[in-house]
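Undergrad: Numbering (our numbering), first residue to last: 127 to 690.
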């Protein structure tokens, strides 16, 4: 609503001038729409087919932060959408760089993506990826914020998740309009880059959840989740509370995830307070930024207007060549959509450390991102949106706009307090659960067998796996493993159990393998230590008579893993 505070009325009159068509055309572009009245953010629309209930909200929050929703228990929805990072991936750094079409890190087409999973086949065996080899894969686009997702008619950077939500298992129409959040929520769970082994099915997902202990890997739980898990309910019991029956389905997973996210309304920003009549909620510099934001020179409001600070449409800013990523065009086939991507909301943008759909690694500050719009946008003119023509921001303009953007941060989001609070994930634990205790013996070509320990060892972990790389391919060997109490000495040969294995791949250093075992649901195993070491037959290695099997073996380091 528009404030009735006298001082606020004066400010709003000053900061939101009406831009005439002639003034806009003089700037070289089409006239932007007139700025809408300033009003505070309201709760998002809710499709009647998926009403919000508290039991469904809590279930959605549990699912959103549960790494067991992924194959191998390494990634949750929240892994790539953390409130304190503005709703996007908070794990910025070189490890999350996608090398782009050229496959080389450190070149102009690099993107700041998000960590996914190690590539694994349909049987859960690790395999080399064409781009990332045996490292965690990264998405080719930056993870967009989920905090305003409930306000958009379509989601993902290219808008492929539409408001028409179809049951992922049956194809039946569930929500005809307004279900974009449901459509988006079920996408990453089967993606073999983001959360899944190759060929993962919804039956795999629902069967796993039915036997999983909810949030088994998380710690430091918020009060609402701790209360929900009092008495150790199962996921079927939680689905019973939310939907009336214990059935776990893809449709219900999407609806629960969407319900939780619709309760994340970041409307306690200084801007919202100002819109509600508190004239002192914005500093003079921020009020000047609001004026600049809607000025003919900047006209940021042309695409980032309204209470959402987004028009929900798709634009090509000329940031990268269309040949690298065609954006919306890949969904619609409309040539006018080449290189277009959805306009993100600017709410909580000051918490982000990368910007735009490709997470430009050269931009290290919000001011850098704003400066991109200077001189009519990015350097690639092919199908660049003409609305950018004639933009000309001076340093004072940029300072004012950045100040305004800072007023779009909800302090609850920044501090991760309710409803933006969250548990800590296993991936955030301090080092110590996995320890390398040595003992490696190099093999052919001087390659040292290397252990891959992505999956956590936890009670009732049906998908526990340990991988191996950098060994001779097509060779036989063993996995030596030992289960013991904390603090015991490193097991010696002859005290370990052995499981046979055969490496895939070929040549010296080109071999790899995976050891998989389901850990039992035995609370007495909590805190126990699991030692794992790989031995692979290699004729380049002198035989070791102390081993319990005859032959010459290259060996990995022994890995000590604490069972959670």
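Every residue, glycine too, gets a C-beta built ideally from N, C-alpha and C.
1. Which runs of the alpha helix (DSSP H) at least 4 residues long sit entirely within the stretch 345–411? Give them in chain order.
2. Can you tell me which of the three DSSP states residue 259 falls into?
3. Give me, in chain order, the residues of the same chain whose beta-carbon lies closer than 6 Å to that of residue 176; leave out the 5 immediate sequence neighbours on both sides.
4. Go through its chain and collect everything with a Cβ distance to residue 560's Cβ below 6 Å, but skip five positions before and after it.
5. Just to confirm before moving on: does the CB-CB distance between residue 286 and residue 266 stay below 8 Å?
6. Which runs of the alpha helix (DSSP H) fall wholly inside the stretch 437–501 and span at least 4 residues, in chain order?
7. Could you tell me the alpha carbon to alpha carbon distance between residue 519 and residue 174, rounded to whole angstroms?
8. Assuming the contact rule is C-beta atoms closer than 8 Å, residue 645 and residue 587 should be a hit. Round their C-beta distance to whole Å, please.
9. Starting from the N-terminal side, write out each stretch of the alpha helix (DSSP H) that is 4 residues or longer and does not extend beyond the stretch 166–216.
10. What three-state label does DSSP hand residue 607 in the structure shown?
11. Tell me which residues share the same chain as residue 292 and place their Cβ nearer than 8 Å to its Cβ, disregarding the 5 neighbours each side in the sequence.
12. Give me, in chain order, the residues of the same chain whose beta-carbon lies closer than 8 Å to that of residue 97; leave out the 5 immediate sequence neighbours on both sides.
13. Note down, in chain order, each residue of its chain lying with its Cβ closer than 7 Å to the Cβ of residue 152, except the 5 sequence neighbours on either side.
14. What does a CB cutoff of less than 8 Å around residue 451 pick up in its chain, not counting 5 residues either side in sequence?
15. Just how far apart, CA to CA, sit residue 563 and residue 387?
16. Between 515, 311, 533 and 461, which has its C-alpha nearest residue 400's C-alpha?
17. Does the separation of the CB atoms of residue 603 and residue 657 fall below 8 Å?
18. Go ahead and pull the three-state DSSP assignment for residue 677.
19. Compute the distance between the beta-carbons of residue 444 and residue 505, then report whether it is under 8 Å.
20. Does DSSP classify residue 689 as helix, strand or coil?
21. How would you write the range of the alpha helix (DSSP H) that residue 427 sits in, first residue to last?
22. Can you give me the C-alpha to C-alpha distance between residue 432 and residue 557, rounded to a whole angstrom?
23. Taking residue 589 as the reference, give the member of 611, 194 and 396 with the closest Cα.
24. Can you name the start and end residues of the alpha helix (DSSP H) that residue 524 belongs to?
25. What residue range does the alpha helix (DSSP H) around residue 538 cover?
26. For the candidate residues 186, 276, 178 and 201, whose alpha-carbon lies nearest to that of residue 471?
27. Let me know if residue 320 comes out buried or exposed under the rule of 16 or more other beta-carbons within 10 Å of its beta-carbon.
28. Compare the C-alpha of residue 338 against each of 542, 619, 196 and 665 and name the closest.
29. Using only the alpha-carbon positions, how far apart do residue 501 and residue 490 sit?
30. If residue 190 sits next to residue 212, beta carbons under 8 Å apart, how far is it from one beta carbon to the other, in whole angstroms?
31. Enumerate in chain order the residues of its own chain whose CB-to-CB distance from residue 478 is below 7 Å, with the five nearest sequence positions on each side excluded.
32. Quick check on the DSSP output: the beta strand (DSSP E) that includes residue 283 runs from which residue to which?
33. Could you check the C-alpha separation between residue 499 and residue 361 for me, to the nearest Å?
34. Residue 569 by DSSP, collapsed to three states: which one?
35. Can you tell me which of 304, 372, 481 and 256 puts its alpha carbon nearest to the alpha carbon of residue 336?
36. On a Cα-Cα basis, can you pick out the residue from 555, 640, 554 and 553 that is closest to residue 595?
TA: According to the structure data:
1. If only uninterrupted alpha helix (DSSP H) runs of at least 4 residues are considered, those enclosed by the stretch 345–411 are 349–354, 361–369, 376–388 and 396–401.
2. Correct three-state label for residue 259: strand.
3. Scanning its chain for C-beta atoms nearer than 6 Å, with the 5 sequence neighbours on each side dropped, one finds around residue 176 the residues 381, in chain order.
4. Excluding positions up to five away in sequence, the list reads 579 and 687.
5. Here residue 286 is not near residue 266, since their CB atoms are 8 Å or more apart.
6. If we require 4 residues or more, the alpha helix (DSSP H) runs fully inside the stretch 437–501 come out as 455–458 and 492–497.
7. Cα to Cα, residue 519 sits roughly 44 Å from residue 174.
8. Sure, about 4 Å apart at Cβ, within 8 Å.
9. The qualifying runs are 180–191.
10. Residue 607 carries a strand assignment under DSSP once its states are collapsed to helix, strand and coil.
11. Taken in chain order, the residues that qualify are 298, 299, 300 and 309.
12. The structure shown has nothing for residue 97, since the chain only spans 127 to 690.
13. Confidence is the limiting factor: at residue 152 the pLDDT is only 37, short of 50, which leaves the residue's position unreliable and the question unanswerable from this model.
14. For residue 451, where only same-chain residues beyond five positions count, the Cβ hits under 8 Å are 266, 267, 465, 483 and 484.
15. Rounded to the nearest angstrom, the two C-alpha atoms are 43 Å apart.
16. Ranking the options by Cα distance to residue 400, first place goes to 533.
17. No, they are not a contact pair.
18. Coil, per DSSP.
19. Residue 444 places its beta carbon less than 8 Å from that of residue 505.
20. When secondary structure is reduced to three states using DSSP, residue 689 falls in the coil class, being assigned neither helix nor strand.
21. Start and end: 427–430.
22. When the Cα atoms are used, residue 432 and residue 557 turn out to be separated by approximately 45 Å.
23. The candidate whose alpha carbon is nearest that of residue 589 is 194.
24. Its alpha helix (DSSP H) spans residues 521–532.
25. Residues 537–541.
26. If we check each option's Cα against that of residue 471, 276 comes out closest.
27. Buried: at least 16 other Cβ atoms inside 10 Å.
28. It is 196.
29. So the two alpha carbons sit approximately 20 Å from each other.
30. With a beta-carbon spacing of about 16 Å, residue 190 and residue 212 fall beyond the 8 Å limit used to define contacts.
31. By the criterion of a C-beta distance shorter than 7 Å, residue 478 is surrounded in its chain by 211, 212 and 214, once the five residues flanking it on both sides are discounted.
32. First-last for residue 283: undefined, no H or E at that position.
33. Inter-residue distance for residue 499 and residue 361 is about 48 Å (C-alpha atoms, whole angstroms).
34. Coil.
35. Closest in alpha carbon position to residue 336, among 304, 372, 481 and 256, is 372.
36. The shortest C-alpha to C-alpha distance from residue 595 to any of 555, 640, 554 and 553 is the one to 640.
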